[in-house]
Amino acid sequence: MGTRSLARDLRYTSNMSAPDDPPALNSVPPNLDSTDRPRAEHEPPRVLASQDLFLGRNEVWIKHHDQMYRLRRTTSGKLYLCK
């Protein structure tokens with residue numbers, strides 16, 4: 001699923017404001033697996049619905065190795081990823 005199809009799923013915006021600072025690393029729910037597991041060649045990529053990521057918010061923080069990235073939804077319904 002590409003960015004365009006994810007952006008099409010974003011048809012509503014929320015008036016919730018989000019802080020500019022990333023959440024504490026220990027605030028990640030314990031049921032999330034933060035290990036990088038190689039994907040088998042025959043296994044299709046995992047598809048996540050944007051509404052499941054955002055849960056009514058306009059941005060989420062993604063930890064990748066030791067870096068934090070902000071994924072946010074623009075008012076036009078597009079996705080914007082930045083460090």
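1 is the number of the first residue of the sequence shown in full-length UniProt numbering; add one for each residue after it. Glycine included, each C-beta is placed from N, C-alpha and C at the ideal position. Predicted model only: the values in this text are computed from it and were never measured.
Residue i in three-state terms, based on DSSP
{"i": "L71", "result": "strand"}
{"i": "L53", "result": "helix"}
{"i": "K63", "result": "strand"}
Sheet register partners of residue i (DSSP bridge)
{"i": "L81", "result": "L71"}
Beta-carbon separation (whole angstroms), residue i vs residue j, contact threshold 8 Å
{"i": "R73", "j": "W61", "result": "Incorrect: roughly 13 Å between the Cβ atoms, too far for contact."}
{"i": "K83", "j": "Q67", "result": "7 Å"}
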